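Peer 1: Handing you this structure, nothing more for now.
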Amino acid sequence: MTQEELFPDLPKALGKSLVFASLRQPVWTENKARLIHRYLYYFVLITRHGAYIDGFSAPQEPDVADSWAAKLVLESKPAFLRDFWLCDLSKVGCEALEALAADHRSRHRRVEVVQGDFNERVDLILASERIKPKVATFCLLDQRAFECDWATVQKIAAKKTENKIEIFYFLASGWLDRSLASSSTEAGQGRILKWWGRSDWRTLQGMNSANRAQMMSERFKQELGYRFAYAWPIYDRGSKGTVMFHMIHATDHAEAPKIMNRAYRKVTKALEPIEELQASFMRLLEPLPEAP
Ligand SMILES: C[S@@+](CC[C@H](N)C(=O)[O-])C[C@H]1O[C@@H](n2cnc3c(N)ncnc32)[C@H](O)[C@@H]1O
């Protein structure tokens, strides 16, 4: 029995880039946290362990239910993820993160709140002996525009050689042109240079946003060595197709893009019963080794 027969809604593996059909009901911005949650919900059913790093993790809209990625991921059941690092620059944001962390720390779970610039704190986080080569590790980089340095992404990608840390990277497609155009000061342009990590950032101006996202995905593969990187569009609610973000998902695991495809399609629907998923996922994927 082939993988496709086991899981017919996953696209066929063609030995080259997968092509995912577009959705009739696009994924709106308010579902971006749900998308991360849903993907991890699926993935940790296979790994049964994992570590989660969230570089820009304070709630953006504290009053909107289910919009805070760190909260949804921490609350997800079964609670297979064991180690969390939640970073944010904002003091108030870190107070909210501390309150969340306090609800979820246990003998089996470590939740560390790290206040400061993620581009500096990343070294400390990645130095943790808890991120061992065989620990499935995920990193959310939910920046607003240019906050995450390319050097930071490089460090995350370089941390593990065997099944690199999976990255969910937010590219602010909806306002990138405007933000690029309005960054006229030396400091503003210096920030963009750090974000892009190359001096040719002006070529981004005016590019079609899908092409730009594709180009960014290619960088994850060519410069960082990921086997797979796909850009998933996230839309402005009610618009006629305005893409606000592209979420670039970079992974070394061949099945991971298909799992993301499933998460993307099901994000607004009720979670499938675990038993049903487990039966098919366990056969579908090569189980990753248990964390030591
Ligand atoms: C888009 S919001 C994050 C939203 C959050 N992931 C959620 O699910 O609601 C971006 C966050 O990045 C934080 N931030 C901005 N610059 C930062 C930096 N250099 N290091 C860490 N956090 C930063 C902001 O304080 C803000 O909380």
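Per our numbering, numbering of the sequence shown is gapless, rising by one per residue and ending at 332. Built from N, CA and C at the ideal position, the CB exists for glycine as well. Since we're looking at a predicted model, the values are computed, not measured.
1) Going by CA-CA distance only, name the one from Met287, Ala91 and Glu169 that's closest to Gly214.
2) Could you please give me the residues that DSSP links to Pro313 through a beta bridge?
3) Only counting the same chain, and skipping five residues up and downstream in sequence, which positions put a Cβ closer than 8 Å to that of Leu195?
4) Using only the alpha-carbon positions, how far apart do Val104 and Asp128 sit?
5) Which word fits Ile314, buried or exposed, when buried means at least 16 other C-beta atoms lie within 10 angstroms of its C-beta?
6) Count the other C-beta atoms from every protein chain shown that fall within 10 angstroms of the C-beta of Asn301, then say buried if there are 16 or more, exposed otherwise.
7) What alpha helix (DSSP H) runs, 4 residues minimum, are completely inside the segment 69-152?
8) Just mark Gly265 as buried or exposed, buried being the case when its beta carbon has 16 or more other beta carbons within 10 Å.
9) Does ligand 1 have even one heavy atom less than 7 Å from the beta-carbon of Gln194?
10) Do the segment 272-291 and the segment 201-208 meet, that is, are 3 or more Cβ pairs less than 8 Å apart?
11) Return yes when the C-beta of Asp103 is under 7 Å from any heavy atom of ligand 1, and no when it is not.
12) Would you mind working out which of Met247, Asp276 and Pro297 sits nearest Arg267, comparing C-alpha positions?
13) Using only the alpha-carbon positions, how far apart do Arg252 and Arg147 sit?
14) Does the Cβ-Cβ distance between Val175 and Ala91 come in under 8 Å?
Peer 2: Reading it off the structure:
1) To locate residue 214, count along the sequence shown from 1; it is residue 174. Looking at the Cα atoms, Met287 is the closest of the given residues.
2) Position 273 of the sequence shown holds residue 313. In the DSSP output, where bridge partners are listed per residue, Pro313 has none listed.
3) Sequence index remark: in the sequence shown, residue 195 carries index 155 (1-based). Before going on, a small fix: residue 195 reads as Lys here, not Leu. Answer for Lys195: Val162, Asp163 and Leu166, listed in chain order.
4) Along the sequence shown, one-based indexing puts residue 104 at 64. Along the sequence shown, one-based indexing puts residue 128 at 88. If I take the Cα positions, the gap works out to 19 Å.
5) Locating residue 314 in the sequence shown gives position 274, counting from the first residue. Classification of Ile314: exposed, given that the 10 Å Cβ count is below 16.
6) Here residue 301 refers to the residue found at position 261 when the sequence shown is read from its first residue. Burial call: buried.
7) 72-87, 109-115 and 131-144
8) For this step, residue 265 is matched to residue 225 along the sequence shown. Per the 10 Å Cβ criterion, exposed.
9) Within the sequence shown, residue 194 is the residue found at index 154, counting from 1. No, ligand 1 has no heavy atom inside 7 Å of this Cβ.
10) yes
11) Position 63 of the sequence shown holds residue 103. Checking the Cβ of Asp103 against ligand 1 gives no.
12) Working through the sequence shown from its first residue, we reach residue 267 at position 227. Out of Met247, Asp276 and Pro297, Pro297 has the C-alpha closest to the C-alpha of Arg267.
13) If you number the sequence shown from 1, residue 252 lands on position 212. If you number the sequence shown from 1, residue 147 lands on position 107. Going by the C-alpha atoms only, they are around 44 Å apart.
14) Translated into the one-based positions of the sequence shown, residue 175 becomes position 135. Translated into the one-based positions of the sequence shown, residue 91 becomes position 51. In this structure, Ala91 lies closer than 8 Å to Val175 by Cβ.
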